[in-house]
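Position 325 of the sequence shown, counting from 1, maps to 325 under full-length UniProt numbering, and the rest follow consecutively. A quick write-up on the structure given underneath.
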Amino acid sequence: MNRLTYSDGVPAVDHHSHAGYVRPGQRLEPVSSWEIENALGHVEGHTNHDDYQEWMRLTETGHSEQANALGASLKIPQLIAESRKFQQTTVNAIAIREGSEALYGKHDAATVDRLSLEARQQDFVGLYDQALLLSGTTSVLTDIPEIDATVWPHSRYRPIARIDPYLFPFGHPDWTGRGTDAPRFRRIFSNVLARQLEIAGTELPSTLASYVEFVLESLQRRKEEGFVGLKIASAYVRTLQFERTDRASAEAAWATLSSSTDVQPAAHKALADHLAFLIAEWAVGERMPMQIHTGFGHTEPGLRISTADPLLLEEFIGDPRLNTLQIILIHGGFPYSSHLTALAQMHGNVHVDFSWMPYLQHHTMSRLLEEWLELLPANRVMFGTDTGAPEIHVASTARARRALDGVLEKGVRDGLWTMRQAGWLTERVLHRNLCDVYGIEP
Ligand SMILES: [Zn+2]
1 MNRLTYSDGV PAVDHHSHAG YVRPGQRLEP VSSWEIENAL GHVEGHTNHD DYQEWMRLTE
61 TGHSEQANAL GASLKIPQLI AESRKFQQTT VNAIAIREGS EALYGKHDAA TVDRLSLEAR
121 QQDFVGLYDQ ALLLSGTTSV LTDIPEIDAT VWPHSRYRPI ARIDPYLFPF GHPDWTGRGT
181 DAPRFRRIFS NVLARQLEIA GTELPSTLAS YVEFVLESLQ RRKEEGFVGL KIASAYVRTL
241 QFERTDRASA EAAWATLSSS TDVQPAAHKA LADHLAFLIA EWAVGERMPM QIHTGFGHTE
301 PGLRISTADP LLLEEFIGDP RLNTLQIILI HGGFPYSSHL TALAQMHGNV HVDFSWMPYL
361 QHHTMSRLLE EWLELLPANR VMFGTDTGAP EIHVASTARA RRALDGVLEK GVRDGLWTMR
421 QAGWLTERVL HRNLCDVYGI EP
C-alpha cells in the first residue's frame, strides 16, 4: 500500500461503530455472514411474499430444520449463491476481502470463513483490538444497547444509546409491507425497552408522567455507566419529521394507545414526537450529543427512503430550545448527501459523518468529502465506519484514509489549502471534531 501523505500515523476515532454488538441468542458467524445478509434483498425480490415471510420467521425463531426444508423447496440457497456472485464487484464485497486479507493473510474464501469464525470464537475482543491497532484507531463510539465494560473497556469502546426504544412504549401498528428489516428494528426497539424496564425494576407505567420519569432516569443511569451520546435510528421505522407535540396532545395519545388495541398510527406518532423532543431537551441539559440516521437503509426493503430525507428534520433542528444540541447526521445521508451539507452549513450545532460510506461507496465518498471540506468549516466533518465486523473496520479505515488523503492532495494541488492546512484538516476529520463534540480525548 502506498504511503499516505497526510493521514499516515494520525490516530482515528470511529464515530459510528457497532463493535461488541452480538444480538441476544445470536451465535457468532464467519465474515461471509455479511454477504449472506446482503443477499436477503435478492432472495426477497425473487420469492413470493408470504413464503419469504414464513421462511424468515422460521429462520429468526431458530426453527432451522423447518427453515432449511422450506428454503430448499423455495430454492433459497441457489438465490443466495447467485446474489453472492453478483455482489463480488460491489465495494462492500471488496472491503470484506481487503479487511480479511489484512487480518488473516491471503487465503481462499473457505479458509477465510474458518479463520474468521475461529478468531471470533476464541477471542472476539482481541480480534477487534487487533483490527483497531492495524487501523490506527484509538477508540470507537459503538451503537449498542448494553456493553460489558469489563470485557470491552469503555476507554476504547464508548457506548451510544439509541433513544428509539423509549419512543414506542405501545409498540407499533402491524407491519404489512415488504421485507423483514423494519419489523426486525421494531422488535429490537421493543426488546431494549423491555430490558430497560427490567433493569429499572418496573413494568410499563400507567401514566405518561411516570413513564417520562422512568425514561429520564434510565437515560441518566446509562450516562453514568459510560454512554457518551444518543442516537435516533427511527428512520428505519417511521418518518424523520419530528413535530413538537404539546403535553396535552401527548396525554391524549397515551390515553388512546393504552386503552385501545386498534391501529392508531396518529397517536403513535404524536407520542413518539413528544418524547423525542423531551429527550432532546434532556440531552441539551446533559450535554449529550445526538446522532441521527439519515438516508437509505439495508439491502432488504423496509426503510422508506422518502421519509429518511434529512430535510424532514428541519423542524427538529430549527427548534429554539434545541439550538445547542450537538447533532451529528450520520452515514452521509445517501441519496440526500447534499441536503446534509446544506443543513450543516446553516446550523452551527449540526455535524456530518461519512460512516458506512467507506465500505459501500468509493468515488462517491471522495466527491462528498470534497463538497463537505470545501463548503463547511473545519470543525464539522467526522470519520466513521458503521460496522461491527473487525474485517470491515480495517478495510473501512484504510479506504477512508485513502479517500481523505486523495481529496486533500487534490485540494493542495488546486491551491485551495496549504499542506499545513491539509494536515490540520486530517486531524480534525479523523478525531479532533469528534473529541471536541463529545468532550473526550483520542
Ligand atoms: Zn450503524
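Note that the Cβ used here is the ideal one computed from N, Cα and C, for glycine as well. Treat the numbers as computed from the prediction; the structure is a model and nothing was measured.
Exercise for the section: Measure the CB-CB distance between residue 499 and residue 14 and report whether it falls below 8 Å. Expected result: Residue 499 is absent from the model: the chain starts at 1 and stops at 442.
Practice task
For residue 56, I'd like the list of residues in its chain whose CB is within less than 6 Å of its CB, leaving aside the five on either flank, ordered along the chain.
Solution key: Mapped onto the sequence shown, residue 56 falls at position 56. Closer than 6 Å at Cβ, skipping near neighbours: 180.
Exercise for the section: Just tell me which of 400, 324, 394 has its CA closest to the CA of residue 281. Expected result: Within the sequence shown, the letter at position 281 stands for residue 281. Out of 400, 324, 394, 324 has the C-alpha closest to the C-alpha of residue 281.
Problem - Three or more C-beta pairs below 8 Å linking the segment 373–385 and the segment 337–354 - result: yes
Problem - Three-state secondary structure (DSSP) of residue 467 - result: A query on residue 467 cannot be resolved here, the shown segment of the chain reaching from 1 to 442 and no further.
Handout entry: Candidates 226, 261, 131: closest to residue 395 by CA position
Key = Start at 1 with the first residue of the sequence shown, and residue 395 comes out as number 395. Selected option, being the one with the closest Cα: 131.
Practice task
Look at residue 279 and residue 227 and say whether their C-beta atoms are less than 8 Å apart.
Solution key: Within the sequence shown, numbered from 1, the residue matching residue 279 stands at position 279. Within the sequence shown, numbered from 1, the residue matching residue 227 stands at position 227. Contact flag unset, no.
Exercise for the section: For the segment 261–269 and the segment 298–306, state whether three or more C-beta atom pairs, one from each stretch, are separated by less than 8 Å. Expected result: no
Practice task
Only counting runs of 3 or more residues, tell me where the beta strand (DSSP E) segments fall wholly within the segment 325–387, in order along the chain.
Solution key: 327–330, 350–353
Handout entry: For residue 122, the three-state DSSP class (helix, strand or coil)
Key = On the sequence shown, residue 122 is found 122 positions in, with the first residue counted as 1. Helix at residue 122.
Exercise for the section: Ignore the nearest five residues each way along the sequence and tell me which others in residue 216's own chain have a CB closer than 7 Å to its CB. Expected result: Within the sequence shown, numbered from 1, the residue matching residue 216 stands at position 216. Contacts found: 282.
Practice task
For ligand 1, list every residue whose C-beta falls under 6 Å from any of its heavy atoms, going in chain order.
Solution key: 16, 18, 143, 386
Exercise for the section: Check whether the Cβ atoms of residue 404 and residue 7 sit closer than 8 Å, and answer yes or no. Expected result: Within the sequence shown, numbered from 1, the residue matching residue 404 stands at position 404. Within the sequence shown, numbered from 1, the residue matching residue 7 stands at position 7. The answer is yes: Cβ separation under 8 Å.
Problem - Rounded straight-line distance, which links the Cα of residue 141 to that of residue 314 - result: To locate residue 314, count along the sequence shown from 1; it is residue 314. To locate residue 141, count along the sequence shown from 1; it is residue 141. Their Cα atoms are separated by approximately 26 Å.
Handout entry: Buried versus exposed, by CB contacts within 10 Å (16 or more), residue 30
Key = Here residue 30 refers to the residue found at position 30 when the sequence shown is read from its first residue. So residue 30 ends up on the buried side.
Practice task
Quick one: grab the DSSP three-state call for residue 63.
Solution key: Residue numbering aside, residue 63 sits at position 63 when the sequence shown is read from its first letter. Residue 63: coil per DSSP, three-state reduction.
Problem - With 16 other Cβ atoms within 10 Å as the buried cut-off, status of residue 1 - result: Residue numbering aside, residue 1 sits at position 1 when the sequence shown is read from its first letter. For residue 1, the predicted structure reports a pLDDT of 48, less than 50, and the residue's modelled location is therefore unreliable. A value from the coordinates is still provided. It is exposed - the Cβ of residue 1 has fewer than 16 other Cβ atoms within 10 Å.
Practice task
Look at the Cβ atom of residue 177, then the Cβ atom of residue 391, and state whether they are nearer than 8 Å.
Solution key: By one-based count along the sequence shown, residue 177 stands at place 177. By one-based count along the sequence shown, residue 391 stands at place 391. No; because the gap between Cβ atoms is not below 8 Å, this pair is not in contact.
Exercise for the section: Determine the contact status of residue 358 and residue 389, defining contact as a CB-CB distance below 8 Å. Expected result: Position 358 of the sequence shown, counting from 1, holds the residue named residue 358. Position 389 of the sequence shown, counting from 1, holds the residue named residue 389. For residue 358 and residue 389, no; Cβs fall outside 8 Å.
Practice task
Could you pull out every residue in the same chain whose Cβ sits closer than 6 Å to the Cβ of residue 233, ignoring the five residues on either side in sequence?
Solution key: One-based indexing of the sequence shown puts residue 233 at position 233. 162, 164, 293.
Problem - Expected contact under 8 Å - CB spacing of residue 182 and residue 237 to nearest Å - result: Taking the sequence shown and counting its residues from 1, the one referred to as residue 182 is at position 182. Taking the sequence shown and counting its residues from 1, the one referred to as residue 237 is at position 237. Yes, they are in contact, since the Cβ atoms of residue 182 and residue 237 sit about 6 Å apart, within 8 Å.
Problem - Beta-bridge partners of residue 232, as assigned by DSSP - result: Numbered from 1 along the sequence shown, position 232 holds the residue referred to as residue 232. DSSP lists 292 as partners of residue 232.
Handout entry: 7 Å Cβ shell around residue 92 - same chain, five flanking residues per side excluded
Key = The count along the sequence shown starts at 1 and reaches residue 92 at position 92. Here the set comprises 38, 359, 360.
Handout entry: Closest residue to residue 222 among 144, 168, 186 (Cα-Cα distance)
Key = Position 222 of the sequence shown holds residue 222. If we check each option's Cα against that of residue 222, 144 comes out closest.
Handout entry: Under the three-state DSSP convention, the category residue 1 falls into
Key = Against the sequence shown, residue 1 aligns to sequence position 1. In this prediction, residue 1 has a pLDDT of 48, which is less than 50 and means its spatial position is unreliable; what the coordinates show is noted afterwards. Residue 1 falls in the coil class under three-state DSSP.
Practice task
Give a yes or no on contact between the segment 364–380 and the segment 330–342, applying the rule of three or more CB pairs nearer than 8 Å.
Solution key: yes
Exercise for the section: Pick helix, strand or coil for residue 114, following the three-state DSSP scheme. Expected result: For the purposes of this step, residue 114 is taken as residue 114 along the sequence shown, with counting starting at 1. It is helical.
Problem - residue 288 classed as buried or exposed, judged by whether at least 16 other C-beta atoms fall within 10 angstroms - result: Here residue 288 is taken as the residue at index 288 of the sequence shown, counted from 1. With 16 or more other Cβ atoms within 10 Å, it is buried.
Exercise for the section: Just list the alpha helix (DSSP H) runs in the segment 167–199, keeping only unbroken ones of 4 residues or longer that don't cross its boundaries, in chain order. Expected result: 181–199
Practice task
Out of 365, 326, 149, 439, state which residue places its alpha-carbon closest to the alpha-carbon of residue 332.
Solution key: By one-based count along the sequence shown, residue 332 stands at place 332. It is 365 whose Cα lies nearest to the Cα of residue 332.
Exercise for the section: Could you give the DSSP three-state label for residue 139: helix, strand or coil? Expected result: Within the sequence shown, residue 139 is the residue found at index 139, counting from 1. Strand at residue 139.
Practice task
Run the CB neighbour count on residue 83, radius 10 Å, all protein chains shown included, and call it buried at 16 or more, exposed below.
Solution key: Here residue 83 is taken as the residue at index 83 of the sequence shown, counted from 1. So residue 83 ends up on the buried side.
Handout entry: Pairwise C-alpha distance: residue 245 and residue 158
Key = In the sequence shown, the residue the question calls residue 158 occupies position 158. In the sequence shown, the residue the question calls residue 245 occupies position 245. Looking at the two C-alpha atoms, the distance is approximately 32 Å.
Exercise for the section: Please list, in chain order, all residues of the same chain as residue 430 whose beta carbon is under 6 Å from its beta carbon, the five residues on each side excluded. Expected result: In the sequence shown, counting from the first residue as 1, residue 430 sits at position 430. Result list for residue 430: 10, 12, 383, in chain order.
Handout entry: C-beta contact flag for residue 297 and residue 334 at 8 Å
Key = As a first step, residue 297 must be located in the sequence shown, where it is residue number 297. As a first step, residue 334 must be located in the sequence shown, where it is residue number 334. Against a cut-off of 8 Å, the Cβ pair of residue 334 and residue 297 comes out as no contact.
Exercise for the section: Quick one: give me the first and last residue of the alpha helix (DSSP H) that residue 259 is part of. Expected result: One-based indexing of the sequence shown puts residue 259 at position 259. Residue 259 -> alpha helix (DSSP H) spans 247–259.
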